[in-house]
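In terms of my numbering, the sequence shown opens at residue 1 and continues consecutively.
In this text, a Cβ means the ideal position worked out from N, Cα and C, and glycines have one as well.
The structure under discussion appears below in the form of structure tokens.
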Amino acid sequence: MNHGFETLAIHAGQDPEARTGAVIPPIYQTSTYAQDAVGAPRQGYEYSRSGNPTRDALQECLAALEGGAIGLAFASGLAAEDALLRTVCKPGDHVVIPDDAYGGTYRLFAKVAERWGLAYTPAKVSDVDAVRAAIRPGATRIVWLETPTNPLLGIADIAALAAVAHDAGALLVVDNTFASPYLQQPIAFGADVVVHSTTKYVGGHSDVVGGALVAADRTLGEELRYHQNAMGAVNGPFDAWLTLRGIKTLGVRMDRHCDNAERIAAYLDGHAKVAQVIYPGLPSHPGHEVATKQMRRFGGMISFRAAGGEEYAVEICNRAKLFVLAESLGGVESLIEHPGRMTHASAAGSPLEVPGDLVRLSVGIETVDDLLADLEQALG
């Protein structure tokens with residue numbers, strides 16, 4: 001039977017526990033497991049780096065929500081990215097990345113993977129021809145997308161770029177953190193692997209750090225699982241339990257995030273002190289048509305450029321009260337930040353440097369009129 005998203009979020013991988021009938025999967029806070037005989041671990045569990053029932057429940061749920069064959073949970077989003085790169089790539093290979101990628105992703109490529117011999121080229125992922133031109137025939141192993149991108153909210157055409165990547169013999173990897181699997185399922189459009197920082201919308205409550213990979217193909221998924229165990233950056237059982245708890249309300253939370261963001265984007269779009277509003281739900285956004293095709297709704301992230309320049313953008317961030325000045329995103333509370341000096345400081349001086357007048361909002365699920373009043377006073 002094919003179940004709807006909200007049903008899968010509550011039930012996939014989460015049958016009542018067999019021994020007691022507990023409705024919520026237990027936290028298996030253990031490092032090791034008794035074996036029935038030498039070489040005969042009970043139900044395959046021998047050591048919690050290799051397998052843990054709480055983490056398995058989360059992984060099964062993530063795979064179901066993304067429509068993939070295998071889901072894997074990691075200690076952070078960057079741990080997931082690192083495991084993916086070292087599974088799929090080798091020294092001498094090449095990756096195409098977004099020209100406004102998340103600062104941590106850029107740092108992983110520029111400061112870690114490049115020293116290992118992995119080359120990368122930034123490209124405007126909203127431009128199919130630009131991505132095609134950035135591919136190095138015979139060397140490009142991955143075309144890496146964020147859509148929407150962080151923090152400039154560019155939209156990439158997943159289906160078109162899947163065709164470009166596959167024609168070049170490369171994999172298409174989509175960081176789906178900003179959209180969440182509720183708003184967008186990249187595997188349905190041809191992606192080979194989906195990446196998440198589950199810290200963000202999937203967990204949804206700013207109380208747990210985690211990451212995930214979901215593979216469309218079982219063979220690739222098993223290769224990733226091998227490296228997950230061999231490299232060891234796994235999600236702990238309590239973190240997995242918290243993330244699974246957050247997933248249960250993902251659908252209803254995302255609808256409220258979107259409701260609030262649409263109201264705020266419309267308000268900012270007409271404000272004299274805002275030079276530009278960047279939100280895929282606005283018809284003026286260059287990626288609006290593509291986003292409409294591949295997203296259920298347009299998400300809770302908004303970026304805008306302050307008409308008064310960088311110092312004014314910083315002042316807006318400092319004056320906000322209900323919008324908490326903090327890094328990260330995707331929690332129930334609204335956050336505000338200055339990407340150039342906060343989340344994307346590692347990209348300063350690089351081709352991925354973000355505009356100094358940019359402000360990024362993670363719109364929460366509070367009463368929207370209160371959020372609008374806070375922005376009004378912060379804009380001055």
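Just verifying my parser: in three-state terms, what is the DSSP assignment at residue i?
i, result
"Q294", "helix"
"E337", "strand"
"H344", "coil"
"L153", "coil"
"V368", "helix"
"H196", "strand"
"L352", "coil"
"S284", "coil"
"T7", "helix"
"D175", "strand"
"A170", "coil"
"P16", "coil"
"A188", "helix"
"A40", "strand"
"A378", "helix"
"A22", "coil"
Could you tell me the boundaries of the beta strand (DSSP E) in which residue i lies?
i, result
"N35", "Per the sequence presented here, residue 35 reads as Gln, with Asn not at that position. Taken as a continuous stretch (DSSP letters only), the beta strand (DSSP E) holding Q35 covers Q35 to A37."
"R141", "T140 to E146"
"S328", "Premise fails: S328 is in no beta strand (DSSP E) and is neither H nor E."
"S362", "L358 to S362"
For residue i, which residues in the same chain have their Cβ closer than 6 Å to its Cβ, ignoring the five residues on either side in sequence?
i, result
"P237", "I27, Y28, Q29, N52 and T54"
"T149", "P98 and D100"
"R296", "L183"
"P16", "V23"
"A134", "V96, T121 and A123"
"N2", "none"
"A382", "Outside the modelled stretch of the chain, which goes from 1 to 380, sits residue 382, for which no answer is possible."
"L171", "I142 and D192"
What is the residue span of the alpha helix (DSSP H) that residue i lies within?
i, result
"D167", "I158 to D167"
"R132", "V128 to A134"
"S180", "S180 to L183"
Who are the near neighbours of residue i in its chain, counting only those whose CB is closer than 7 Å to its CB and skipping five residues on each side?
i, result
"E327", "E337, M342 and T343"
"L153", "I278, Y279, P280, M301 and S303"
"P339", "P151, V354, L358 and R360"
"D374", "A320, K321, L322 and F323"
"I247", "A9, C61 and V202"
"V131", "V96, A123, V125, V143, L161 and V164"
Please go through the same chain and pick out, in chain order, the residues whose beta-carbon is closer than 8 Å to the beta-carbon of residue i, but skip the five residues on each side of it.
i, result
"D36", "R42"
"I264", "I302, L361, V363, V368, L371, L372 and L375"
### Message
To test your reading of the DSSP string, which unbroken alpha helix (DSSP H) runs of 4 or more residues are found completely within the stretch 47–121?
### Response
53–66, 77–88 and 103–107
#### Entry: Residue ranges of each beta strand (DSSP E) within the stretch 202–279, 3 or longer
211–215 and 274–278
### Task
State whether the stretch 27–45 contacts the stretch 77–84, with contact taken as three or more CB pairs (one from each stretch) at a distance under 8 Å.
no
### Query
Within the chosen definition, does the stretch 256–276 reach the stretch 96–115 through at least 3 CB pairs nearer than 8 Å?
no
### Query
Pairing CB atoms from the stretch 264–280 with CB atoms from the stretch 220–235, are three or more of them under 8 Å?
no
### Query
Which ranges would you report for the beta strand (DSSP E) in the stretch 294–322 if only whole runs of at least 3 residues count?
301–306
### Query
Quick check: the stretch 172–188 against the stretch 290–304, are there 3 or more CB pairs under 8 Å?
yes
### Task
Check whether the stretch 132–143 touches the stretch 78–94, counting contact only when three or more Cβ pairs, one atom from each stretch, lie closer than 8 Å.
yes
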